[in-house]
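Contents: one structure, followed by commentary.
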Amino acid sequence: MELSVHDFDLLRKYIHQICGIALGDDKQYLVRQRLEPVAVEQGCKDFAEFAHCVSCCADGRLRDRIITSITTNETSFFRDGHPFSLFRGAILPKLHRIILERKTRPFGRRGAKAAILSAGASTGQEPYTLSIIINDFFRHHQSNEGVIPSDIAIVAADVSSRALAKAVAGEYSALEIGRGLSDLQKATYFTHEGNTWIVKDQIKKLVEFRRVNFIESFTFLGAFDVIFCRNMLIYFDQSTRTRIIEQFHRMLSDGGYLILGATENIFGLYDRFEPIRAERSTAYRKK
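Quick look at the structure:
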């Protein structure tokens, strides 16, 4: 199907409206490539008919299909490993101390004593990676002092229902599982049936998946000590990025950490974070 400039403009405005993704003029080929199968599924003969369809009568299922098609969902276990090294070496020991302090409070909160948000969690590899790191840390930590993995809760949020369904299932192909994980981690934290590898319950139980559209208010998710938001902000315009970062700041505990993607930073967007360098990566600590 050919995609005219007019129809491209209609579709990218619609995409921006429903999920905040800002598509530049150079993304016309991407919209055509990603949405042509969706248009065919809808029985549309061309993009003009499809653009009319989505602007007039798109239901929730079609909206989610469009969002899933446009968003990259490019992810893997331990993707771009340095932020996870930073989390394991510089942040997790501090969380351990924070949990100990919170456990001693006479009226401390029940259940998990610390919380992590994985924003833009896609098909689940990032939050499950965090759960693996947490489980590894407590397996090898000589003196846990009563702190256990379930003292840390991970909330994993994404706009795509289809991506979240895969994440909740926790089932991955041999190709997906072969990137980033050691043989020991695969043997310890997964079972496999044929070509399918399944995340074990001890990893799953730390993670709660939520559908969230980040162009809307999402502070209802609660308070967090660490927020991972990697390779998501690049898809939004500056005003949307600023609104998201402002909400992250409100949701973080004092001294909490924001971790972005390797090509992302918040310089010029928000000045209430202090950059912290460790393990060849950067985290932003709430001032």
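Using my numbering, you'd call the opening residue of the sequence shown number 5 and step up by one each time. Note that beta-carbon positions come from the ideal geometry of N, C-alpha and C, so glycine has one too. Since this is a predicted model, take the numbers as computed values, not measurements.
- Item | Per DSSP, cross-strand counterpart(s) of residue 233 | The partner list for residue 233 (beta bridge, DSSP) reads 264.
- Through-space distance from residue 40 to residue 135, alpha-carbon basis: One C-alpha to the other measures close to 37 Å.
- Item | Within the segment 125 to 184, ranges of the beta strand (DSSP E) (whole runs, at least 3 residues) | Fully enclosed beta strand (DSSP E) runs of 3 or longer: 156 to 162, 175 to 177.
- Could you say which of 72, 27, 50, 29 lies nearest to residue 7 if we only look at CA atoms? Taking only the C-alpha atoms, the option nearest residue 7 is 50.
- Item | Validate contact between the segment 254 to 268 and the segment 226 to 236 using beta carbons, cut 8 Å, 3 pairs | Counting Cβ pairs under 8 Å, three or more are found: they touch.
- Return the first residue and the last residue of the beta strand (DSSP E) that residue 287 is part of. First-last of the beta strand (DSSP E) with residue 287: 285 to 290.
- Query: Taking buried to mean at least 16 other C-beta atoms within 10 Å of its own C-beta, is residue 11 buried or exposed?
  - Reply: Of the other Cβ atoms in all chains shown, 16 or more fall within 10 Å of the Cβ of residue 11; this residue is therefore buried.
- Task: Between the Cα of residue 166 and those of 80, 131, 71, spot the shortest distance and give me the residue it belongs to.
- Result: Nearest neighbour of residue 166 by Cα position, chosen from 80, 131, 71, turns out to be 71.
- Output yes or no for whether 8 Å exceeds the beta carbon distance between residue 23 and residue 238. No.
- Message: I want to know whether the segment 77 to 85 touches the segment 19 to 33 - three or more CB-CB distances under 8 Å.
- Response: Judged by Cβ distances under 8 Å, the segment 77 to 85 makes no contact with the segment 19 to 33, as fewer than three pairs qualify.
- Let me know if residue 1 comes out buried or exposed under the rule of 16 or more other beta-carbons within 10 Å of its beta-carbon. Because the chain in this structure spans residues 5 to 291, residue 1 falls outside the shown range and cannot be described.
- Message: So, for residue 131: in the same chain, excluding its five sequence neighbours on each side, which residues have a beta-carbon less than 6 Å away from its beta-carbon?
- Response: Same-chain partners within the cutoff: 122, 125, 158, 160, 211.
- Task: For the beta strand (DSSP E) holding residue 122, just list the boundary residues, first then last.
- Result: 118 to 123 is the span of the beta strand (DSSP E), which, as asked, contains residue 122.
- Item | Which of helix, strand or coil DSSP assigns to residue 8 | Correct three-state label for residue 8: coil.
- Query: In terms of residues, what are the limits of the alpha helix (DSSP H) holding residue 54?
  - Reply: Per DSSP, residue 54 belongs to the alpha helix (DSSP H) from 51 to 61.
- Contact check, residue 256 vs residue 222 under 8 Å by CB: the rounded distance? 13 Å between Cβ atoms; not a contact.
- Does DSSP put residue 256 in a helix, a strand or coil? Correct three-state label for residue 256: strand.
- Message: Quick check: is the beta carbon of residue 278 nearer than 8 Å to any beta carbon in chain D?
- Response: Checking the listed chains, one finds no chain D in this structure; it contains a single protein chain.
- Give me the Cα-Cα distance between residue 254 and residue 224, rounded to the nearest whole angstrom. Spanning the two alpha carbons is a distance of roughly 11 Å.
- Only counting runs of 4 or more residues, tell me where the alpha helix (DSSP H) segments fall wholly within the segment 186 to 231, in order along the chain. Counting only runs of 4 or more, we get 187 to 193, 205 to 208.
- Query: Looking at residue 151 and residue 185, is the spacing between their C-beta atoms short of 8 Å?
  - Reply: Taking 8 Å as the cut-off, the Cβ atoms of residue 185 and residue 151 do not count as close.
- Query: Which stretch, first to last residue, makes up the beta strand (DSSP E) that contains residue 282?
  - Reply: Looking at the DSSP string, the run of the beta strand (DSSP E) that includes residue 282 is 277 to 282.
- Item | Inter-residue Cα distance where the pair is residue 61 and residue 173 | Here the alpha carbons of residue 173 and residue 61 stand approximately 31 Å from one another.
- Given a cut-off of 8 Å, decide if residue 108 and residue 171 are closer than it, judged by their beta-carbon atoms. Against a cut-off of 8 Å, the Cβ pair of residue 108 and residue 171 comes out as no contact.
- So, is residue 209 buried or exposed, given that buried needs 16 or more other C-beta atoms within 10 angstroms? That one is exposed.
- Whole-angstrom Cβ separation of residue 16 and residue 42, contact assumed at under 8 Å? At roughly 14 Å, the Cβ-Cβ gap does not stay under 8 Å, so residue 16 and residue 42 are not in contact.
- Burial state of residue 291 (16 or more Cβ within 10 Å): Residue environment analysis places residue 291 among the exposed positions, since fewer than 16 neighbouring C-beta atoms fall within 10 angstroms of its C-beta.
- Message: Please classify residue 44 as buried or exposed, where buried requires at least 16 other C-beta atoms within 10 Å of its C-beta.
- Response: Residue 44 is exposed by the Cβ-count criterion.
- Item | Nearest candidate by alpha-carbon position, reference residue 285, set 259, 27, 88 | In terms of Cα proximity to residue 285, the closest of 259, 27, 88 is 88.
- Item | Contact under 8 Å by Cβ, residue 36 with residue 5 | Their beta carbons are under 8 Å apart, which means residue 36 touches residue 5 by this criterion.
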